[in-house]
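Here is the structure we will look at.
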Amino acid sequence: MSRARRVAVTSPQTRLAHAHRRASGPWRTPRLDPAESARALSLYRRQQAPAVLTLTALLILLCGLPVVFALWPGLDQVRVGGIPLSWLMLGVLPFPVMVLLAVWQLRRAEKIEDDR
């Protein structure tokens, strides 16, 4: 009884990626010299508090909307342009606020990096 030979079918991009990996050798994590390592750790620690603040604001936004809807069920009756206000708050409000939070966090992180 002869067994059929299994053949792996891959895309050309996969074959190119595998060929490149074999050609360039194993990938290694770049190592920082001790001074740069200390600076990177310092930046990381200084950026943690603003990041936690941003994540807390995001959590309040996303978890706060259901609380607002539970506390004020009448928001379904308020209409803006024929659309219930609660729908607008749920479908439109979070996205611009998340973008603003992201921009705010990015600018604070860049400011911390520039100060050093």
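So the working numbering is basically just the index in the sequence shown, starting at one, shifted up by 6. Beta carbons are placed, not taken as given, at the ideal position from N, Cα and C, and that holds for glycine. Since the model is a prediction, treat every value here as computed from it, not as a measurement.
To the nearest angstrom, how far is the alpha carbon of residue 66 from that of residue 73? Along the sequence shown, one-based indexing puts residue 66 at 60. Along the sequence shown, one-based indexing puts residue 73 at 67. So the alpha carbons of these two residues sit roughly 10 Å apart.
Quick one: what's got a C-beta closer than 8 Å to residue 94's C-beta in the same chain, skipping five residues either side? Residue numbering aside, residue 94 sits at position 88 when the sequence shown is read from its first letter. Hits under 8 Å: 86.
How is residue 37 classed by DSSP in three states: helix, strand or coil? As a position in the sequence shown, residue 37 is number 31, starting the count at 1. Residue 37: coil per DSSP, three-state reduction.
Along the chain, which unbroken stretches of the alpha helix (DSSP H) at least 4 residues long are found entirely within the stretch 35-108? Within the stretch 35-108, the complete alpha helix (DSSP H) segments at least 4 residues long are 40-77 and 91-97, listed from N- to C-terminus.
Can you give the Cα-Cα distance for residue 104 and residue 71, rounded to whole angstroms? Counting from one through the sequence shown, the residue named residue 104 turns up at place 98. Counting from one through the sequence shown, the residue named residue 71 turns up at place 65. About 14 Å.
In this structure, does DSSP put residue 10 in helix, strand or coil? As a first step, residue 10 is located in the sequence shown; it is residue number 4 there, counting from the start. Residue 10 carries a coil assignment under DSSP once its states are collapsed to helix, strand and coil.
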